[in-house]
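Residue numbers (our numbering), protein chains in the order written: chain Y, 5 to 195; chain V, 5 to 195; chain R, 5 to 195; chain G, 5 to 195.
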DNA sequence: AAATAATCGAGACGGTACGTCTGGTCTTACC
DNA sequence: GGTAAGACCAGACGTACCGTCTCGATTATTT
C-alpha cells in the first residue's frame, strides 16, 4: 500500500477555490468563468487548480454541487402520486430561478467536455433519479401506478420536458405547464 | 428610402464561408470552430464574416441548416398515430448519427448565445413543431386522440425525452426506448 | 515581387517597444527582462512583439543598438597608431560604464540564443571591426605597421583582452592596462 | 565552537546531484538545466539542492570542475616558449570540443550570477593562470622573454583572443589562427 | 467619364486566457 | 536534523483567437 508522503493537500485553498468559482459563476456565468479569474479571486496559484481539477467544467460542477446539493428533496407522504406532483412543482420553481441558469449552463457546456458531463450526471442527475425511482416503487406498491411500469422511461417522460423547455425551446416552465404535462403522463401510468 | 449603392454582396464568398463552416463543424466540432479558421479555410477575410454574421454560433446554425434542413419529414398515412411512431423512430435514428452531434453542440452552445438560440429555435425546432402539430390535429379529427388535447404539451411530452437523453443523461436513443416511451404517452392521449 | 497588402506596421508601437526594452534593460538588466514586462511598459500586446522579434535576445540587441550605435567612432588623425590608442582608451572608458554592462549581458545571453548572437555580431562587432580594419590599412600605408600584417589577427590581439576582462576574469579595464597591453601588441606589429 | 549535530550530510546524494547535473549539462546544455530536472534525475528532493548550492550556476560549475579539472597541463621542456605554443594548441583543440561548449555556457551564464562567476574564475581560470605564470617566469629566466614583462598582461594578450572567438565573434579557433596570433604576441615579448 | 459608396482580401493591433514550466518556499513523515 | 516527497504561491512563457482597425483594390450606382 502506498504511504502518504509529502505535504498534505491544503483544505483552506480547496474551499477558497470552490467558493471563488461559485461566486464567479453567479456573477458572470459559466462562459466567462476562467481559471485565471478563479485563481486571482481565491488567492491561489493556477497550478493548484490544475493539480486537482481536470477542466473548468468539472470545477464548476463541483462548486455547483457543493452549494446546491442539499436543496432538492422529495416529500414522503401516503400518496406517491401527490409526492411526485409536489416535487415537480418545486423543481420547476427552482429552475425558474438562478439554479435554472446554472443547470442550463452546466448541461450546455458539458456538450463538449465529457468529464464535466460525467461529473454532472453522476453528481446531480443520478441521485435525483434514484430518489424518483424509490417514489415510483412506493406508488406501484400502493396501487397508484401500473405494475408493469418501466421506471426509467416513466422518469424521463415526466422530467424531460422541463429540461427541454429549459435548454431548447425556451418555453415557460410554469405551474400550468407542469400540471398539464404531469397529468398527461400519469394518466398513461394508471393501473 | 435607402437606395442600394456600391458593390453588391459577393455570393461566392457567402457560399465559401458556409461550406467552410460546415466542413470544420464536421471535422472538429463546434467548440473548436473559430472565425479565424473559417476565414482561412474559405479564403476570405475575417471582416467579411463579421460583417454578415453576429457570432460564430449564428454562423454555425446557418451552415447547419443550409445542409441539414430537408431531412426529416412526417409520413402522411391514414393513421396519424402510426405517422408519429414512424417519424419518431426516424428522428431517433437521425440523432444517433452525425446530425445528433450537431444538434447536441448547437443546443449546448446556444445556452450562452441568445442570438444563436433564436436562430436554432426558429430555424430548426419550430418548423418541426408545426409539422407535428398538423399531424396531431389530423389525429384528433380521425378520433385517434382525445379532443381536449393540448398539442404543445403533447409534443413536448413525446419529443423531450429524446433531447433529454441526447443532451443530459446520455441514455441510449434506441427503438426500444422510443417505442416504450411513445406508447406510454400515447396511452395518455387516447380518447 | 510581393505587393504590400493589409494594414501597415505601426511605427509608433515599434518605437514604444524598443524604448521600453531599453529602459527595462537599464533598470533591471537583461536577465530580468521579460516580453510581458516590455509589452506592459510599451502599452502594446505581446503578440505584436512576437510578430516582429524572434526572441527577447534579438529584441534587446536591437534596442541596444538603436541607442548605442551612434556613440562609438574612430578618430581620424595623421597617425593611425595614435588613432588606435585613443580609440582603445575611449572604448575602455565606455565599457567601464553602463554600456559595458549591456555588452557583457548581450554576449552572455547570446551563448544560448544563436539568433541573438548573429544580431549582435553583425550589428555591433562587425561594423566596429570594419572601422578598425580601415585604420590598420592606413597604418600600413603610412609605414607605421608591418606590411605583412593580418588585420583580423591584429584586431583580435588588440581588442580581445578588453572583452576577456569584461566577460571572464573580471580584471580592471583601466588606462594602465590598456596602454600596457596596446604597447605589447603594437611592438609585435612594427615594421 | 559549533558542534556537529543531527544527521550528517549524505555524501551519496551529493555525488548523485553532481553526476546528474553533469549528465544534463552534456545532454541539454546549461540553459535547459533546471533544479527540478536535476532533483528528478538524481532522485533527491529539490530542498536538498537548495540547501547546499546557492544557484544552479554554482552547481553547474562544481559539476563541471569535478569532471573536467585535470585535463589541461603545461608541458615542461627546456624551451618555455615552445611549452606555451604547445599548450595553446592543445587548449584550442580542447575548446573546439564539448569542453568549449561548457566554457562558453559557463562564462555566458556567469554574466548574471556573481557567485557563479566567482566559482568559475577561482576554480577554473585562476589555476590555469598560475600555471602559465610559472612558465613565463621560467621563460624570463631562460632569456626567452624580456625581463620587464608584465605576466598578467602577457597572459591576457596570449589567451584572450581564444576566448573572444569562443564567446563573441564566433571565429574559428584553428591552428592557423593560434600560431599566427601567438607569434604576433611573442614577437612583442622578445628580449 | 467622374465621383461616390459599399465590399472584399489581407493583415496589424490591443487584448484575454490558455495550459505549461520553473523558481523558490513550505510542510509532513521517515530515518 | 537531514532527507524524499510533494503541495503551494508566483510569474513568465509562447500560442490561439478574439473583435477592431487600417489599407488598397474591386465593383457597382449616381451624377
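The beta-carbon is built from N, C-alpha and C at its ideal position, and this holds for glycine as well.
Predicted model only: the values in this text are computed from it and were never measured.
**Request:** Note down the Cα distance separating residue 158 of chain V from residue 87 of chain Y, rounded to an integer number of angstroms.
**Result:** 23 Å
**Message:** Looking at residue 188 of chain V: is its Cβ nearer than 9 Å to the Cβ of residue 146 of chain Y?
**Reply:** no
**Prompt:** Which residue comes first and which comes last in the alpha helix (DSSP H) that contains residue 48 of chain Y?
**Reply:** It is not in any alpha helix (DSSP H) - residue 48 of chain Y carries neither H nor E in the DSSP assignment.
**Prompt:** chain V beta carbons: is any one of them nearer than 9 Å to that of residue 192 of chain Y?
**Reply:** yes
**Message:** Give me the subset of the segment 92-112 of chain Y whose CB atoms are less than 7 Å from a CB atom of chain V, sorted by chain position.
**Reply:** 108, 109, 111 and 112
**Request:** Please report how far the alpha carbon of residue 61 of chain V lies from the alpha carbon of residue 108 of chain V, in whole angstroms.
**Result:** 13 Å
**Minimum Cβ-Cβ distance from residue 34 of chain R to chain G less than 9 Å** = yes
**Item:** DSSP three-state assignment for residue 35 of chain R, whether helix, strand or coil
**Value:** helix
**Simplified DSSP state of residue 153 of chain Y, which is helix, strand or coil** = coil
**Message:** For the segment 112-129 of chain V, list every residue whose C-beta sits within 9 Å of some C-beta in chain Y, in sequence order.
**Reply:** 112, 113, 114, 115, 116, 117, 121, 122, 124, 125 and 129
**Request:** Following the continuous alpha helix (DSSP H) through residue 129 of chain R, name the residue where it begins and the one where it ends.
**Result:** Looking at the DSSP string, residue 129 of chain R is not in any alpha helix (DSSP H), and its letter there is neither H nor E.
**Prompt:** Residues of chain Y with a CB under 8 Å from the CB of residue 184 of chain V: which are they?
**Reply:** 154 and 157
**Request:** Using a Cβ-Cβ cut-off of 9 Å, state whether residue 169 of chain R counts as contacting chain G.
**Result:** yes
**Message:** Quick check on the DSSP output: the alpha helix (DSSP H) that includes residue 185 of chain Y runs from which residue to which?
**Reply:** 179-193
**Asked** Taking all protein chains shown into account, do 16 or more other C-beta atoms lie within 10 angstroms of the C-beta of residue 165 of chain G, making it buried, or fewer, making it exposed?
**Response** buried
**Message:** I believe residue 133 of chain V touches residue 193 of chain V by the beta-carbon criterion, under 8 Å. Please report the beta-carbon distance rounded to the nearest angstrom.
**Reply:** Actually they do not touch by this definition, with Cβ atoms about 16 Å apart.
**Below-9 Å beta-carbon distance, residue 173 of chain R vs any chain G residue** = yes
**Item:** Top-ranked residue by Cα proximity to residue 125 of chain V, from V:65, V:137 and V:182
**Value:** V:65
**Asked** Taking C-beta to C-beta, are residue 29 of chain V and residue 104 of chain V nearer than 9 Å?
**Response** no
**Request:** Whole angstroms is fine: what's the gap from residue 80 of chain V's alpha carbon to residue 45 of chain Y's?
**Result:** 59 Å
**Request:** Kindly say whether residue 164 of chain R, judged by its beta-carbon, lies nearer than 9 Å to any beta-carbon of chain G.
**Result:** yes
**Prompt:** Which of helix, strand or coil does DSSP assign to residue 19 of chain V?
**Reply:** helix
**Prompt:** Hey, quick one: how far does the alpha helix (DSSP H) through residue 115 of chain V stretch, first residue to last?
**Reply:** Here residue 115 of chain V belongs to no alpha helix (DSSP H), and DSSP marks it neither H nor E.
**Message:** Do residue 17 of chain R and residue 67 of chain R have their beta-carbon atoms positioned less than 9 Å apart in this structure?
**Reply:** no
**Item:** Assigned exposure category for residue 142 of chain V - 16 Cβ within 10 Å defines buried
**Value:** buried
**Prompt:** Do residue 115 of chain R and residue 47 of chain G have their CB atoms nearer than 9 Å?
**Reply:** no
**Asked** Where does residue 40 of chain G fall in DSSP's three states?
**Response** helix
**Asked** Using CA coordinates, which residue listed in V:156, V:183, V:172 and V:175 is at the minimum distance from residue 182 of chain Y?
**Response** V:156
**Asked** According to the neighbour-count rule (16 or more other Cβ atoms, all chains shown, within 10 Å of its Cβ), is residue 14 of chain Y buried or exposed?
**Response** exposed
**Message:** Strictly under 9 Å for the Cβ-Cβ distance: is residue 68 of chain V near chain Y by that measure?
**Reply:** no
**Any C-beta of chain V under 9 Å from that of residue 29 of chain Y** = no
**Request:** Out of G:51, G:110 and G:91, point me to the one whose CA is closest to residue 35 of chain G's CA.
**Result:** G:110
**Asked** Does the beta-carbon of residue 136 of chain Y have 16 or more other beta-carbons within 10 angstroms, so that it is buried, or is it exposed?
**Response** buried
**Asked** Which two residues bound the contiguous alpha helix (DSSP H) that contains residue 171 of chain G?
**Response** From DSSP, residue 171 of chain G is part of no alpha helix (DSSP H); its letter is neither H nor E.
**Asked** In the structure shown, what three-state DSSP assignment does residue 87 of chain R receive?
**Response** helix
**Prompt:** Between which two residues does the alpha helix (DSSP H) harbouring residue 61 of chain R extend?
**Reply:** 60-72
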